[in-house]
Structures are given as C-alpha cells and as structure tokens.
Amino acid sequence: MGRTGNLCWFASRTAAMALALSLAGCLGLSGEDGGLSAEQSITTTIPQGKVDPNEVAIAEREHPKIVAAFGGTYEDREAELAIASVVGRLVAASPEPWRSYRVTILNSPAVNAFALPGGYVYVTRGLLALASDTAEVAAVISHEMAHVTARHAFLRAQKAEAAAVASQAVQDVVQDPAVQRVALASTQVSLARFSQIQELEADKIGIATLAKAGFDPYGSPRFLTSMSRLAAWKNGLPEDDTGSIDFLSSHPSTPERLAQAREVAKATGVTDGEVDRDGYLSRIDGIMYGDDPNEGYVRGRQFLHAKLGFAFEVPEGFLIDNTSKAVLATNADGVAMRFDGANVAAGSDLVTYLTSGWVNGLDRQSVRTVSIAGLPAAVASAAARGFTYRIAVVRFNDQAFRFLFATRGDAAALDSTFSSTVASFRSLSEAEKASLAPLRIRVVSVGVGETAVMLTRRMVPMDRGVILFRALNGLAANEEPRPGTRVKIIVDR
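In structure tokens form, the structure reads like this:
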C-alpha cells in the first residue's frame, strides 16, 4: 500500500486485475491506508540432520513476515496429517536426505506454495483444497524441496544483485531515456527467464523425487492442469483455455511446464505409483474454502463483512477477488475496482482527505460531499496517463472506506459502474451477520446418473460454478464424474 508509481496499460481481465492490485500505487496512496484484516495458526517440522546455519538465519528472519503476509497459519489436524504423511518419504528420497524441513500451512485461499533457504516450505489451504489426491500434494512439496536443495533462492538473489548493479550502471552512463528503458527491460526479461529455468529444473528434480518416494509421478502434471483450469475460471476464460502468461512472469507458461512434466513423469518408468485419492479427500473434508471470516466474504457479486458490518455489490460481469489488503474486482472490458480502508480520523472532513495530495491528477472541481445509504461520503474524479478514475470515501461506524475505479475505456460506462457499486454500500442486519459462515469443502459420493451440473447445484451459488466444480475435481471440459466416485463440493454449512 505504500508504493507510488505510474499507471500501466491493460487490455484484458487479467491485466485489469493487475491494475486493481496497483491502484494504490497508481494513485499514490500512503502506507497508512488500506487493509480489511486477517488472522491465525500451524506448522509441521520433520527433524533430520544438518543444515547451513546461514540459510536457517535467513528463513527464521523471513518466516514471521511470510506468515503475516498470508493471513496467519491455518489450524487443521487432518490437513496437517495429509502433509506429514508424505514429507518424510520425500525427504528420504530427495537429493539431500539429511535436510530438515518445516512445512507451514498458510491461511490463504490463494493456490500457492514456495520455499525459503533452510528448508522452510509453505503451502496454502487454497492449494490443499484444489489438490485431489496425495500424489498431487506430494508433487507440490517435492517441487518446493527441489528449490531448497538446488539453492535457487540464493542463486536468484545473486542474479538480482548483479542485475541491480547493471541497471544502475546503465542509468549512470546512458543519458537517452529510450535506451535506458530498453536496457532495463532486457535485464527484467533476463531475470524472469532465469527464474523460469529454475522452475523447470525444480519440476524435473521434484518429479524424480516423487517417483523415487513411491508416489505417482503424474501427480505433477495433474495438479498443473487443475491450476490452469482454476485460472481459466477465475479470469472468465473458456474452460479449456489455459490463458497466456505474461512474458515477464517468473514461471514458464503452463503448456511448457505441462509438456515437460509429462515427459519427466514418463521417463521415470513408474506406472503404479501411489495416488491415494480417497485417503486424501477424507483428510481435507471440511477444510475452509475461500475467504477467512476476518477478511469478509464474497458471495457471487456481493462482498459482505460480518465483523465490520457492511456489504456492497458489483455490477454483472465483474469478478471479485478478496485479498488481505483490499477487495479487487474487474470485468472483461478492463474496468478495475479497489476497495479498502482509509486512514481518516473520526470527525475529519472527507473532502479535505480527498484533496490532501494522495490522488494524482485530481480534478478538484469534481470533489463534492454526498450521502451514501444515509452515510456521509465524498466523491471525486481524476485523470492521469490515459486513465480515468472515480473515487469515493464513505464514513461508516467511525471508520472510513474508499472505492477506487479506473479504466482506459469509456468514461460514461465507468460512471455507471462506479455509481451503482457505491450506491449499493449498506449496513448488514444482525440476521445477515449471523447467517454468514465460511465456505468449506465437503466430499460427497456421485450418484447414478448424477452430472457435474447436478452436483454444482448442491454447492453455494457461484458464477460459472460447473467450471469451478470440474477444476476442483480434476475433470476436463465437459467431462462427467463417474458414479460411485467421491468429489468435492463447496458448501456454507
């Protein structure tokens, strides 16, 4: 939230989400603003052997920061067991079986996993909810262990330091801004490609370790496929469209990784590795899915926060992404929204806040006071670097919250979207607060004649829910679940 920066062009929902993420920086918001809050707790340590004390020192320093950034740790005994059951086997089969590993489940709905030097490995509850069997989870952990044994974090840090020195040299010596931009972009691409190579290397090491430990090596490409399908659902893409990854991404494109993962899995020669679908599904039955209560809830096009006591709704066609720092929303036309907290003292004038200098390109004549659902508020417009902005700040229960909208397209359409969203802001009744509960994964058996569409009707209503159902259960586009098998659905009770 403390960044300042320039606006970036976009032309798709994915790019619009990037804009939503960066709206704080684009408008020059202060580090004291923003955030709607999160919390809480679990780590599993697999003790063994020796490790470089310098690596441990780095991990111990960074660990609290990572836990805080991902909403705390997640307490679930069965989920812990799902991880503990595989880590010991993977360590024994790894290139460095003497290493110690500490695996932490992070309380985040995002699908993510990463590792620090010193054997600190992190997986999110969102990742555990997406995985469909033990082999898939083992594939993820094995991949992260490979980053540790290959010392990728250290090598990346060295490469980044060298790149920083080179970039500074370019800025000091080259006077032509255009030449500077080309040189710096080249450095960025080089760094990204270096990270991509590391990801592919970790896939190779991880899959080999997976097979050696007795797990199904095809768990890796299976999980990568589920990730791509989930991304397609989240970004409003067709079910079988894996989308395109930005060329500066630190990860290789999904098709490239999938092709290599299948090749490496085939090369292991293992065809009867352990999958353990039923055992794994039993362990994650009941795991929290999506937003933590401390972060508020997304229900369709609505965002509701029981603890803070308010709700609002975005227009049709928008997808909401609730993060620990802000609520983001985008549509396919490239309109981006950011909603977060504002650091405005109780009783302070909202117009004064809007004109205090944090909004770049502010049209001061547009600033005015309004009433939103009977609440004091102020609105304004801004324009900078080809983007049009609409901003609203509303006071609610001695706190202030702000809506930030941006587009490079039709300003009139932005006005309509902005007005309808801001006007929907309201207080929650006590009955509404009491009715809200976290979403959870439930495992059910597929009945004879039961289709994906029918099973989706048993879930809480979600936009394009059948695509999400298939992604969660490792099913291809238009594939139907087999009678008698067990599948995951998302429920609120």
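Numbering (the numbering used here), first residue to last: 670 to 1162.
Ideal placement from N, C-alpha and C gives every residue a C-beta, glycine not left out.
Query raised in the report: Fully enclosed by the stretch 733 to 791, which beta strand (DSSP E) runs are 3 residues long or longer?
Result: 770 to 775, 782 to 785
**Report entry** Contacting residues, own chain, Cβ-Cβ under 7 Å from residue 1137 (five flanking each side not counted)
**Finding:** Start at 1 with the first residue of the sequence shown, and residue 1137 comes out as number 468. Around residue 1137: 902, 1131.
Query - Span of the beta strand (DSSP E), counted from its first residue to its last, around residue 1010 - result: Position 341 of the sequence shown, counting from 1, holds the residue named residue 1010. That run of the beta strand (DSSP E) goes 1005 to 1011.
Query raised in the report: Unbroken alpha helix (DSSP H) runs of length 4 or more, entirely within the stretch 1014 to 1048: which are they?
Result: 1019 to 1023
Query raised in the report: So what's residue 872 in DSSP terms, helix, strand or just coil?
Result: The residue labelled residue 872 in the question sits at position 203 within the sequence shown. Residue state, collapsed to three classes: helix.
Query raised in the report: In chain order, what residues of the same chain have a beta carbon less than 6 Å from the beta carbon of residue 782, not counting five sequence neighbours either side?
Result: Position 113 of the sequence shown, counted from the start, is the residue given in the question as residue 782. Counting only Cβ-Cβ distances below 6 Å, and skipping sequence neighbours, we find 792, 796, 809, 813.
Requested in this report: Measure the CB-CB distance between residue 1110 and residue 948 and report whether it falls below 8 Å.
Outcome: Counting from 1 along the sequence shown, the entry for residue 1110 is found at position 441. Counting from 1 along the sequence shown, the entry for residue 948 is found at position 279. In this structure, residue 948 does not lie closer than 8 Å to residue 1110 by Cβ.
Query raised in the report: Where in the stretch 1104 to 1140 do unbroken runs of the beta strand (DSSP E), each at least 3 residues long, occur, reported from the N-terminal end onward?
Result: 1108 to 1114
**Report entry** residue 1070 - DSSP class collapsed to helix/strand/coil
**Finding:** The count along the sequence shown starts at 1 and reaches residue 1070 at position 401. The answer is strand: DSSP assigns residue 1070 an E or B state.
Query raised in the report: Run through DSSP, which three-state label would residue 988 get?
Result: For the purposes of this step, residue 988 is taken as residue 319 along the sequence shown, with counting starting at 1. Of the three classes helix, strand and coil, the one that applies to residue 988 here is strand, per DSSP.
Query raised in the report: Where in the stretch 897 to 984 do unbroken runs of the beta strand (DSSP E), each at least 3 residues long, occur, reported from the N-terminal end onward?
Result: 966 to 968, 971 to 974, 979 to 982
**Report entry** Endpoints, the beta strand (DSSP E) within which residue 997 is located
**Finding:** On the sequence shown, position 328 is the one that residue 997 refers to. That run of the beta strand (DSSP E) goes 996 to 999.
Requested in this report: Compute the Euclidean distance between the alpha carbons of residue 861 and residue 868, then round it to the nearest angstrom.
Outcome: Position 192 of the sequence shown, counted from the start, is the residue given in the question as residue 861. Position 199 of the sequence shown, counted from the start, is the residue given in the question as residue 868. In this predicted model, residue 861 has a pLDDT of only 44, less than 50, meaning its place in the structure is not dependable enough to derive any value.
Requested in this report: May I ask you to list the residues that DSSP assigns as paired with residue 1076?
Outcome: Within the sequence shown, residue 1076 is the residue found at index 407, counting from 1. In the DSSP output, where bridge partners are listed per residue, residue 1076 has 1057.
Query raised in the report: Is residue 781 near the ligand COA, judged by its Cβ being under 7 Å from some heavy atom?
Result: Absence of the ligand COA from the depicted structure is noted, as is the absence of any ligand whatsoever, leaving it without description.
Query raised in the report: Which class does residue 993 belong to by DSSP, given the choice of helix, strand or coil?
Result: The sequence position of residue 993 within the sequence shown is 324, counting from 1. In the structure shown, residue 993 sits in coil (DSSP, three-state: anything other than H, G, I, E or B).
**Report entry** Local Cβ density within 10 Å of residue 926, reported as buried at 16 or more and exposed below that
**Finding:** Residue numbering aside, residue 926 sits at position 257 when the sequence shown is read from its first letter. With 16 or more other Cβ atoms within 10 Å, it is buried.
**Report entry** Continuous beta strand (DSSP E) stretch holding residue 1155: start and end
**Finding:** Within the sequence shown, the letter at position 486 stands for residue 1155. Its beta strand (DSSP E) spans residues 1155 to 1160.
Query raised in the report: Using CA coordinates, which residue listed in 746, 1010, 986 is at the minimum distance from residue 992?
Result: To locate residue 992, count along the sequence shown from 1; it is residue 323. It is 1010.
Query raised in the report: Exposed or buried, which one is residue 784 when buried takes at least 16 other CB atoms within 10 Å?
Result: Translated into positions along the sequence shown, residue 784 becomes position 115. The residue is buried, with at least 16 neighbouring Cβ atoms inside 10 Å.
Query - DSSP three-state assignment for residue 614, whether helix, strand or coil - result: Since the first residue shown for the chain is 670 and the last is 1162, residue 614 is missing from the structure and cannot be characterised.
Query - Opening and closing residue of the alpha helix (DSSP H) in which residue 1148 lies - result: Position 479 of the sequence shown, counting from 1, holds the residue named residue 1148. Note, residue 1148: premise wrong, no alpha helix (DSSP H); not H, not E.
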